[in-house]
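Data block below; observations after.
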């Protein structure tokens, strides 16, 4: 169908919204070991220079952006495509658009986020200004899940603002700022959208925006990759948003609305939308629209990017629908989150030293004891940057225990086995170090795998001298809940590594090498606690003779965890993850450097 533009001038009384136009208890001993007091004379706390993400963008500028977007009338992600199902056979535009909803408090949906975008194009004229709105959901303290059509083609760091903590849309204060009605405005620091997103078909329509600072909003989790029950026909789901409440008015709701929609089967959705509905990638919901506001309950313009929720988890992201939302027989269409959690969740886990979407490498020189970071360039690493003297430690691991978007390190002191967490504090613009474990000298492995139990908070793993693996569930503040064991026998492995998801299901996994054979095994994360935290091992490689390994996460930026291995001669190889839980778990190795024999710690 043909896209209909929203008019060439600026309309200062209303806003149209981001949407594509398209068809379609710890035991006493353990409690004593996990401490949270300041570390005092902790060894080797790093002091690298960190530029806070929000330093160059004051809140006044963010409010200006909100005010500008409030006056806008543009739409995100406009495309052109012929409609094969428009009512009456005309070329009707289709838009992700809550009609028939009820007002909802922010305490009911504390994770809801408003995405405001405003670019004045650097001119005095208002005619070329770009301003639009999308919805989203807080899935971690610095992460917003939304639609790709709200993100692709836009520079959210330079022109965007995210408002959380209120069920009211902002209003202009008359002086270039905005009344946020108790909400908090945040800087969109980084953005990611699915690499296979198509603006023409609105396929793979999912994205994550990373904020420059943590928000207080309580996050909501995405559903899991194996979830089928949430998509069963007739399942009751709720959609949330500030979108249009009538097909006859462009005005959206000043207050957050929600509506209950029954999930429809793929066959029902395809029966109405035809080939425009991509089975497995999309889900539709709602009763067939009546042709008018009366009797119709639907997502509508302005809800784009917002969540469809079943049993407290996001199962869909508002993607597209028919023009004006009420065409007879139509349904609301959402991106199917169970399909995309494997790609989107690594973005929740993607904190790294340089602040992009690629996991970086941390190493220590064996002779000088100098620590270095090396920024990932996707298939290689940039020149090393010094982090100073790291003498007196024998483990260094990258993580983000407080989920603030800044890289943390966990390290173990050689002399007594005490383990420390060092992290950057943006408000103080300095580093803070705390002891998190006492006398782990005999622990044969310490690992920071990310989120093991599915609560979106990074965890800590250790293997004791007897070969029992313990998971310490993180609380998001450098403290941990009651540990639980995951089988014994782990000392048969001379390497256990893991950081992120190797299989594409959105769950943290482990890679282990058997000492006697050199065989490599995958332990798939299940998202469960206790002995079932990891599935039975799967052999994925035989007789690896490398003498050092590292797993730092997604080095390439494609959403899959990667692996590093060093030869005795010092050549470092990158094994790109494929997402397959088989012998094809890694692609053909790539040599990234030949001088890595000098390093004795890989973080």
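In mature numbering (1 follows the signal peptide of the UniProt record, and there is no 0), the protein residues as written are -41 to -1, 1 to 562. Every residue, glycine too, gets a C-beta built ideally from N, C-alpha and C.
If we count the other Cβ atoms within 10 Å of its Cβ and call it buried at 16 or more, is residue i buried or exposed?
i: residue 240; result: buried
i: residue 557; result: exposed
i: residue 191; result: exposed
i: residue 62; result: exposed
i: residue 154; result: exposed
i: residue 308; result: buried
i: residue 386; result: exposed
i: residue 375; result: exposed
i: residue 468; result: buried
i: residue 111; result: buried
i: residue -2; result: Low local confidence applies: a pLDDT of 42 at residue -2 is under 50, so the model's placement there is unreliable, with the coordinate-based value given in what follows. Exposed, by the Cβ-count rule.
i: residue 528; result: exposed
i: residue 216; result: buried
Taking only the alpha-carbon atoms, compute the straight-line gap between residue i and residue j and give it to the nearest angstrom.
i: residue 194; j: residue 245; result: 10 Å
i: residue 475; j: residue 183; result: 36 Å
i: residue 341; j: residue 552; result: 11 Å
i: residue 125; j: residue 470; result: 43 Å
i: residue 160; j: residue 447; result: 50 Å
i: residue 8; j: residue 377; result: 26 Å
i: residue 32; j: residue 67; result: 29 Å
i: residue 231; j: residue 289; result: 7 Å
i: residue 540; j: residue 157; result: 28 Å
i: residue 87; j: residue 129; result: 23 Å
i: residue 500; j: residue 516; result: 24 Å
i: residue 299; j: residue 411; result: 19 Å
i: residue 400; j: residue 213; result: 58 Å
i: residue 317; j: residue 359; result: 14 Å
i: residue 554; j: residue 477; result: 23 Å
i: residue 243; j: residue 28; result: 29 Å
i: residue 381; j: residue 175; result: 22 Å
i: residue 591; j: residue 304; result: Residue 591 falls outside the range modelled here, since the chain spans only -41 to 562, and no answer is possible.
i: residue 16; j: residue 445; result: 45 Å
i: residue 122; j: residue 547; result: 44 Å
i: residue -6; j: residue 438; result: Residue placement at residue -6 is poorly supported in this model, since its pLDDT is 36, which falls under 50; the coordinates are not used for a value here.
i: residue 311; j: residue 457; result: 15 Å
i: residue 127; j: residue 421; result: 46 Å
i: residue 561; j: residue 398; result: 21 Å
i: residue 365; j: residue 189; result: 34 Å
i: residue 538; j: residue 339; result: 20 Å
i: residue 419; j: residue 408; result: 7 Å
i: residue 347; j: residue 395; result: 22 Å
i: residue 78; j: residue 102; result: 22 Å
State the CB to CB distance for the pair residue i and residue j, rounded to an integer number of angstroms; the pair is presumed to be in contact (CB under 8 Å).
i: residue 98; j: residue 197; result: Going by Cβ atoms, the distance from residue 98 to residue 197 rounds to 17 Å, so no, they are not a contact pair.
i: residue 349; j: residue 332; result: So it is not a contact: roughly 11 Å between Cβ atoms.
i: residue 200; j: residue 94; result: 5 Å
i: residue 536; j: residue 521; result: 5 Å
i: residue 362; j: residue 100; result: 5 Å
i: residue 356; j: residue 405; result: 7 Å
i: residue 514; j: residue 278; result: Residue 514 to residue 278, Cβ: 30 Å. No contact.
i: residue 76; j: residue 142; result: Not confirmed; about 16 Å, so no contact.
For the alpha helix (DSSP H) holding residue i, just list the boundary residues, first then last.
i: residue 305; result: 296 to 307
i: residue 23; result: 18 to 29
i: residue 227; result: 225 to 232
i: residue 593; result: Missing from the structure shown is residue 593; the chain here goes from -41 to 562 and no further.
Tell me which residue opens and which closes the beta strand (DSSP E) that residue i is part of.
i: residue 372; result: 367 to 372
i: residue 404; result: 404 to 409
i: residue 172; result: Here residue 172 belongs to no beta strand (DSSP E), and DSSP marks it neither H nor E.
i: residue 243; result: 241 to 244
i: residue 200; result: 195 to 200
i: residue 282; result: Per DSSP, residue 282 belongs to no beta strand (DSSP E) and is neither H nor E.
i: residue 219; result: 216 to 221
i: residue 266; result: 266 to 269
i: residue 385; result: Residue 385 -> no beta strand (DSSP E), and no H or E assigned at all.
i: residue 93; result: 89 to 99
i: residue 290; result: Note, residue 290: premise wrong, no beta strand (DSSP E); not H, not E.
i: residue 75; result: 71 to 78
i: residue 344; result: 344 to 348
i: residue 560; result: 558 to 561
Check the Cβ-Cβ distances between residue i and every residue of chain B, and say whether any is below 7 Å.
i: residue 296; result: Reference to chain B is not applicable here, since this structure consists of a single protein chain.
Does at least one heavy atom of the ligand ZN sit under 6 Å from the Cβ of residue i?
i: residue 156; result: Ligands in the displayed structure: none, and consequently the ligand ZN is not present.
*Using 8 Å as the Cβ pair cut-off and three pairs as the minimum, do the stretch 16 to 26 and the stretch 136 to 149 touch?*
yes
*asked:* Check whether the stretch 154 to 169 and the stretch 99 to 115 are in contact - that is, three or more C-beta pairs closer than 8 Å.
replied: A contact exists between the stretch 154 to 169 and the stretch 99 to 115.
*Decide if the stretch 288 to 302 is in contact with the stretch 130 to 142; the criterion is three or more beta carbon pairs, one per stretch, under 8 Å apart.*
The answer is no - the stretch 130 to 142 does not touch the stretch 288 to 302, with fewer than three Cβ pairs under 8 Å.
*So, do the stretch 455 to 466 and the stretch 481 to 498 have three or more beta carbon pairs nearer to each other than 8 Å?*
yes
*Taking one C-beta from the stretch 503 to 522 and one from the stretch 413 to 433 each time, how about it: are there three or more such pairs within less than 8 Å?*
No, because fewer than three Cβ pairs between the stretch 503 to 522 and the stretch 413 to 433 fall closer than 8 Å, the two stretches do not touch.
*Taking contact to mean at least 3 C-beta pairs separated by less than 8 Å, is the stretch 391 to 400 in contact with the stretch 448 to 457?*
No: fewer than three Cβ pairs fall under 8 Å.
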